[in-house]
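The structure appears right after this line, and notes come after that.
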Amino acid sequence: MTKREKFSPVPTAPRMPDVSPLPRPGSPGPAKQAAEAVPPSGSTAQAPDQVPPTVARAFMRPRHALLILSFVLVVLVPTGVSGWYLWTLAADQYVSKVGFSVRREDNNSAIDLLGGLTSFSGSSSSDTDILYEFIQSQRLVVDIDKALDLRRIWSKPEGDPIFSLDPDASVEDLVSYWNNMVRLSYGAGSGLLEVEVRAFAPEDATKIAETLFDESSEMINQLSAIARADAISYAREELDVAQERLKEARETITRFRNENQIINPESDLQSQAGLLGSLHVQQAEALIEIDMLNDTARAGDPRLEQAERRLAVIEKRIGAERQKLGFQGAEVGDNAFSEIVGEYERLTLDRQFAEKTYVGALAAYDSAQAEARRKTRYLAAYMEPTQAQTAKYPSRPTLLMLVGLFLFLIWSITSLVIYSVKDRR
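In case it helps, my numbering puts the sequence shown at residues 38 to 462.
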């Protein structure tokens with residue numbers, strides 16, 4: 038035997054897997070045979086037909102008890118306390134409703150009515166929006182509180198600290214409580230505004246609703262007055278300017294008359310002109326008389342001397358009157374009558390212009406007032422304040438259901454979060 042043959046491996050037959058014989062029909066399976074072959078530890082052997090349980094028996098652990106306890110403390114107990122409070126301590130609340138809308142009516146003039154141009158009253162959405170905000174404002178709450186003492190009305194149920202108002206509540210707290218007890222519903226398309234007022238007595242709810250309607254109507258009237266004032270403000274300013282101008286023109290004429298001691302220079306001028314004409318006539322007559330005396334009388338005739346003296350007086354008078362009328366130079370400090378008349382005519386023209394301006398401004402002011410009166414706003418109530426006979430609030434079943442549902446959600450979410458954190462650990 039060679040060396041290679043000595044150390045060469047000897048081939049072995051492949052190992053076949055163990056194949057257990059198939060069980061015969063009706064014979065026990067391998068698991069059952071194994072169970073029968075190996076008896077359990079103990080003094081007694083297990084029955085051949087009994088199968089051991091695959092899942093351990095469940096029993097309550099401490100965390101389960103804590104979960105149930107938390108459900109009772111977080112959900113059941115607060116819900117029960119809430120139900121006891123709602124049906125025992127919570128005071129009944131009565132509701133008073135009032136509905137209204139802001140109406141704007143254009144009263145057409147007689148000419149428009151004859152022409153068939155009529156317009157019907159309609160709602161004003163912008164005014165209703167203003168009124169909607171006004172009802173929730175602090176100004177209205179303060180005014181109604183002064184009239185009715187809202188703190189006293191809403192703090193009547195002393196045993197209901199949740200739904201009643203603190204008697205010493207501040208203005209801000211009162212406004213917040215007002216917005217909870219006064220509910221508004223506004224139809225944007227129709228412009229109708231409905232207000233629901235709650236109180237612990239039906240009479241108090243009705244009083245609050247009536248006062249609210251009165252205050253709202255007063256506010257709309259103020260808006261209407263402001264609109265009318267704005268509409269006629271420009272015309273009023275023009276009228277005031279024209280009136281002041283006319284007043285100054287008349288005062289200037291009065292001062293002119295006092296300074297010159299003349300009521301009407303035009304009439305005085307006519308009188309002076311008539312007097313001057315009469316003097317000229319007398320002068321002509323005196324000249325004719327002198328000429329006749331020169332032809333018929335002797336020299337030194339007293340009649341001739343008298344006629345000449347009369348002519349001299351007439352000529353002197355004519356010169357004085359002509360000087361007054363400005364036909365000759367006047368002395369320093371004197372005003373010629375023509376200058377006085379010219380100044381008076383200028384002042385008269387200013388006064389006439391001021392009068393015409395005033396008449397036009399007055400007509401424009403009257404027209405603006407008439408136009409403003411034709412456009413009026415008012416608050417029309419389509420539902421008068423009602424008085425309840427039965428309480429509507431608080432809605433006890435609904436509130437209790439909401440409280441229970443809210444507490445259950447809190448408990449469920451909290452439990453899920455806690456168990457998810459524990460599972461990650």
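For glycine and all other residues, C-beta sits at the position ideal for the given N, C-alpha and C.
Taking the C-beta atoms as reference points, L416 is found no nearer than 8 Å to F171.
Counting only the Cα atoms, A127 lies some 34 Å from L453. S133 is not a Cβ neighbour of T248, given a cutoff of 8 Å. Looking only at F108, A286, R100, P99, the smallest Cα-Cα distance to I447 is reached by F108. Three or more Cβ pairs drawn from the segment 280-292 and the segment 373-387 lie within less than 8 Å of each other, which places the two stretches in contact.
Taking C-beta atoms as the reference points, Q130 and A206 fail to come closer than 8 Å. Shown here, R265 sits in a helix according to DSSP, grouped into three states.
DSSP lists R141 as the beta-bridge partner residues of R414. The beta carbons of T165 and L437 sit about 37 Å from each other, so the pair does not count as a contact at 8 Å. Burial state of L106 is exposed, judged by a 10 Å Cβ sphere holding fewer than 16 other Cβ atoms. As DSSP reads the structure, R220 sits in a beta bridge with E233. I167 and L230 have their alpha carbons spaced roughly 12 Å apart. Within the DSSP secondary-structure output, Y131 pairs in a beta bridge with A236.
Distance from the CA atom of Y395 to the CA atom of I377, rounded to whole angstroms, is 27 Å.
Under the three-state reduction of DSSP, G228 is assigned to coil, being neither helix nor strand.
For the pair of segments examined, the segment 267-286 was found to touch the segment 398-412: the number of CB pairs separated by less than 8 Å reaches three. Contact annotation, E358 with L324: C-beta distance approximately 18 Å; criterion of less than 8 Å not satisfied. Between R141 and R414, the gap from beta carbon to beta carbon is short of 8 Å.
Within 10 angstroms of the beta-carbon of E233 lie 16 or more other beta-carbons, which makes it buried. C-alpha of L341 to C-alpha of L330: approximately 6 Å in a straight line. G117 sits in a helix when the DSSP states are folded into three classes.
When the alpha-carbon of E380 is set against those of D210, N301, V135, the nearest one is in N301.
Exposed is the label assigned to F443, since fewer than 16 other Cβ atoms lie within 10 Å of its Cβ. Counting the other CB atoms within 10 Å of its CB gives F200 a total of 16 or more, which places it among the buried residues. DSSP places G136 in the strand class (E or B) of the three-state scheme. Its chain contains Y131, V132, P239 as the residues whose beta carbon lies nearer than 6 Å to that of A425, once the 5 sequence neighbours on both sides are disregarded; these appear in chain order. Setting aside the 5 residues that flank it on each side, I257 is surrounded in the same chain by V139, D164, L168, R414, Y415, L416, each with a C-beta closer than 8 Å to its C-beta; the list follows chain order. Residue pairing by DSSP leaves Y271 without any beta bridge partner. A direct Cα-Cα distance of roughly 14 Å separates P194 from A428. The residues A344, in chain order, have a CB closer than 6 Å to that of E326 in the same chain once the five nearest residues on each side in sequence are set aside.
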